[in-house]
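Trainee: Top line first, the protein sequences correspond to chains A and B. Under this note's numbering, the first residue of the first sequence carries the number 2, and numbering increases by one thereafter. Under this note's numbering, the first residue of the second sequence carries the number 2, and numbering increases by one thereafter. The beta-carbon is built from N, C-alpha and C at its ideal position, and this holds for glycine as well.
Protein chains: 2
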Amino acid sequence: MVQTVADVGEFGLIDLIAERTPTESNAIGIGDDAAVVQLHGHTVTSVDTLIEGRHFKHDWSDAADVGHRAAAASLADIAAMGARPRSLLLALAIPADTAVSWALELVDGVIAEIEPLSAYLVGGDVCRSDVATVSVTAVGETNRPVTRTGARVGDTLAIAGRQGWAAAGLTVLSRGFRSPRALVNAYQRPHPPYESGPAAAAAGATAMIDVSDGLLGDVRHLAQASGVLADLDSQQVPVSDQLVETASAFNVDPLTWVLAGGDDHALVATFPAEVNLPEMFNPIGRITDPAGQAPGVSVDGRPWTGSLGHDHFN
Amino acid sequence: MVQTVADVGEFGLIDLIAERTPTESNAIGIGDDAAVVQLHGHTVTSVDTLIEGRHFKHDWSDAADVGHRAAAASLADIAAMGARPRSLLLALAIPADTAVSWALELVDGVIAEIEPLSAYLVGGDVCRSDVATVSVTAVGETNRPVTRTGARVGDTLAIAGRQGWAAAGLTVLSRGFRSPRALVNAYQRPHPPYESGPAAAAAGATAMIDVSDGLLGDVRHLAQASGVLADLDSQQVPVSDQLVETASAFNVDPLTWVLAGGDDHALVATFPAEVNLPEMFNPIGRITDPAGQAPGVSVDGRPWTGSLGHDHFN
């Protein structure tokens, strides 16, 4: 018999979660009305939700994968402000017949994702829902928040982290395949370049965003928020051999993954031209004057206006 | 034609929310990867989720009610740590055919709940789900967090805020009635005694909890966390005339509402016997030595062990 969350109840499940969750010294974690931590500098908060059937499928993601992905989505937002995460809250709404082991493996995935960052799961909420809904709030700190609004004409546009791998992995899974494993893994457990966020802030980044809606779409968000034009150099946008090979096998243009994929949570930042880019950042374009046109994104100097279309790119 | 969230899309809805949401000066609110605020002292965080059909019904709660209730649940947890709320994140998962007006009225309810507290809605997340799921994260600050664990033998047990009103209102609604309005309103828009949390901390409260699982159940949580026995004086537990009258009309024992109801988010705290209780707190019992028995709750000196049963109370 599989033990379900209905068997152990809300408080039983919380106790089981608390048992396996490390607590930061001098902090108050799971088990009180709220969590308490001592932060320094500016406090940075973000929340992200994954819903069964929309953001994940049990066929394609095990419980730990869901935990990793849910945590990564919020943590990448913290990094994109130039901040370091300190604590996470997990709001878990799951059906009554969910196996306890599934819930605990999800928690283990969350903990495994934040442990290398010296961040802690400090609290959350457990309730029943017909649709599994996993909402993670991340709380971080920084002395120098980097927003989307500070990009200036002449700045270098640069990217850190993989881009397009998770989208390729999703294509692979949705076509019924399980390999290439590197791409499937990239979808199941993304590896956002968390350290690159604070590094960019320290190096003087003028603006930053994490790529969660597609590279062109998110660069456009940054450009519009800053009131500038972001011009991508199509020769500089990295397209790995792995993506090219797999795209060929699946009869897909690999640029679709690179330009429209978001699940890798790459970081895109702008830096003054004289700044040496921090390790892991590679230039992909430049900030230019919209010269009377609407702020947005262009590719190789030509305006890019479509919702997405790699035809515009070539 | 009712405009739905599918009509305006995720970003359209976020823009509409941002337009009506005041932003704290010197803070970064809705529209970036994450929110940024400057906090003082200890940072206190909590999350609470309301799910359509389980925690609210459209028949009994309008959108603003849901916003008020969702915010209140998280804010009461902040108060129960002795903290003041500073910012809120709203994770809203709603069906595609949800009216835009419903979503915006919910946001208005959240804002109306936090505005008197000088707290701000600073961010969140919008996505589609078959079941409306409203998750609110509250972030607060305090110089002296009050946990559940500090109650000591001889302390006075005291309560601030109404207790049993929301449960009575829910009974009224579930029997198909709409009055007494005061009780129905108490369910639809609770009024947790937010100010009493920091006041209790300042007065030297040794432990505190917000009543969200029932008075006896939550006092037991506090007592177990502190390793003590909490003895309630049945003569001191406040049962208002309004509750007595309505209970009589509905053939209910009003103590059921007072002892088992949680939705009012009253605060229960313990204070050293020599402390003058802060305004709004009234004594309801005393902390005693479990004397070899398991920590928990007793009533009029007799152990109370049931899950809930007002028979044990009399």
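List, in chain order, every chain A residue whose beta-carbon is nearer than 7 Å to that of residue 90 (chain B).
Mentor: 46, 48 and 138
Trainee: Given residue 168 (chain B), which residues of its chain have a CB within under 7 Å of its CB, disregarding the five upstream and five downstream residues?
Mentor: 258, 261, 262 and 264
Trainee: Measuring CA to CA, which of B:172, B:116 and B:154 is closest to residue 290 (chain B)?
Mentor: B:154
Trainee: Answer with buried or exposed for residue 78 (chain A), where buried requires no fewer than 16 other C-beta atoms within 10 angstroms of its C-beta.
Mentor: buried
Trainee: Could you spell out the range, first to last residue, of the alpha helix (DSSP H) harbouring residue 249 (chain A)?
Mentor: Counting along the chain, residue 249 (chain A) sits inside the alpha helix (DSSP H) bounded by residues 242-251.
Trainee: Reducing DSSP to helix, strand and coil, say where residue 94 (chain B) ends up.
Mentor: strand
Trainee: What is the DSSP secondary structure of residue 237 (chain B), counted as helix, strand or coil?
Mentor: coil
Trainee: Residues in its own chain within less than 6 Å of residue 165 (chain B) by CB, not counting five upstream and five downstream?
Mentor: 244, 258, 259 and 262
Trainee: Can you confirm whether the stretch 95-109 of chain A touches the stretch 145-163 of chain A when touching is taken to mean that 3 or more C-beta pairs between the two stretches lie within less than 8 Å?
Mentor: no
Trainee: When DSSP labels each residue in this structure, what does residue 278 (chain A) get in the three-state scheme?
Mentor: Looking at residue 278 (chain A) - three-state DSSP - the assignment turns out to be coil, as it is neither helix nor strand.
Trainee: Please classify residue 272 (chain B): is it buried, with 16 or more other beta-carbons within 10 angstroms of its beta-carbon, or exposed?
Mentor: Result: buried.
Trainee: In the DSSP assignment, find the unbroken alpha helix (DSSP H) run with residue 103 (chain A) in it and report its ends.
Mentor: 101-115
Trainee: I want to see whether chain B comes within less than 8 Å of residue 59 (chain A), judged by CB atoms only; does it?
Mentor: no
Trainee: Could you name the residues of the stretch 232-260 of chain B whose beta carbon sits closer than 7 Å to any beta carbon of chain A, in the order they occur along the chain?
Mentor: none
Trainee: Quick one, which residues of the stretch 129-159 of chain A are near chain B if we go by CB-CB under 7 Å, in chain order?
Mentor: 129, 130, 131, 132, 134, 136, 138, 140, 146, 148 and 149
Trainee: With distances taken from CA atoms, which of A:128, A:130, A:129 and A:113 is nearest residue 122 (chain A)?
Mentor: Sorting A:128, A:130, A:129 and A:113 by C-alpha distance to the C-alpha of residue 122 (chain A) places A:113 at the top.
Trainee: Are the C-beta of residue 123 (chain A) and some C-beta of chain B separated by less than 8 Å?
Mentor: yes
Trainee: Quick one: what's got a C-beta closer than 8 Å to residue 24 (chain B)'s C-beta in the same chain, skipping five residues either side?
Mentor: 30, 31, 121 and 123
Trainee: Hey, how far is the Cα of residue 109 (chain A) from the Cα of residue 103 (chain A)?
Mentor: 10 Å
Trainee: So, does the CB of residue 38 (chain A) fall closer than 8 Å to a CB anywhere in chain B?
Mentor: yes
Trainee: Assuming residue 316 (chain B) contacts residue 75 (chain B) (C-beta within less than 8 Å), just tell me the rounded distance between them.
Mentor: No statement about residue 316 (chain B) is possible, as the shown extent of chain B runs from 2 to 315 and does not include it.
Trainee: When you compare the CB positions of residue 132 (chain B) and residue 72 (chain B), do they come within less than 8 Å of one another, or not?
Mentor: no
Trainee: Using a cut-off of 8 Å between C-beta atoms, extract the partners of residue 55 (chain B) located in chain A.
Mentor: 128, 129 and 130
Trainee: Can you check whether the C-beta of residue 281 (chain B) is within less than 8 Å of a C-beta belonging to chain A?
Mentor: no
Trainee: In the DSSP assignment, what residue or residues form a beta bridge with residue 56 (chain A)?
Mentor: Residue 56 (chain A) pairs with nothing; no bridge assigned.
Trainee: Does residue 79 (chain B) get closer than 8 Å to chain A when you measure Cβ to Cβ?
Mentor: yes
Trainee: Buried or exposed for residue 292 (chain B), going by 16 or more other Cβ atoms inside 10 Å?
Mentor: exposed
Trainee: Between which two residues does the beta strand (DSSP E) holding residue 299 (chain A) run?
Mentor: Where residue 299 (chain A) is concerned, the enclosing beta strand (DSSP E) stretches over 297-300.
Trainee: I need the straight-line Cα distance from residue 4 (chain A) to residue 51 (chain B), nearest angstrom please.
Mentor: 25 Å
Trainee: How would you call residue 175 (chain A), buried or exposed, if buried means at least 16 neighbouring beta carbons within 10 angstroms?
Mentor: Flag for residue 175 (chain A) reads exposed.
Trainee: Excluding five sequence neighbours on each side, which residues of the same chain lie with their C-beta closer than 8 Å to the C-beta of residue 251 (chain A)?
Mentor: Counting only Cβ-Cβ distances below 8 Å, and skipping sequence neighbours, we find 172, 173 and 176.
Trainee: Closer than 8 Å, CB to CB, is residue 265 (chain A) near chain B or not?
Mentor: no
Trainee: Output needed for residue 294 (chain B): all residues of its chain with C-beta closer than 8 Å, excluding positions within five of it in sequence on either side, in chain order.
Mentor: 230 and 304
Trainee: Residue 21 (chain A) and residue 105 (chain A) look like a contact to me (Cβ under 8 Å); what is the Cβ gap, rounded to whole Å?
Mentor: Here residue 21 (chain A) really is in contact with residue 105 (chain A); their C-beta atoms are around 7 Å apart, less than 8 Å.
Trainee: Starting from residue 172 (chain A), trace the alpha helix (DSSP H) in both directions and tell me its first and last residue.
Mentor: Unbroken alpha helix (DSSP H) run through residue 172 (chain A): 166-175.
Trainee: By the criterion of Cβ-Cβ separation under 7 Å, what are the contact partners of residue 52 (chain A) in chain B?
Mentor: Near residue 52 (chain A) (Cβ distances below 7 Å), the residues of chain B are 94, 128 and 130.
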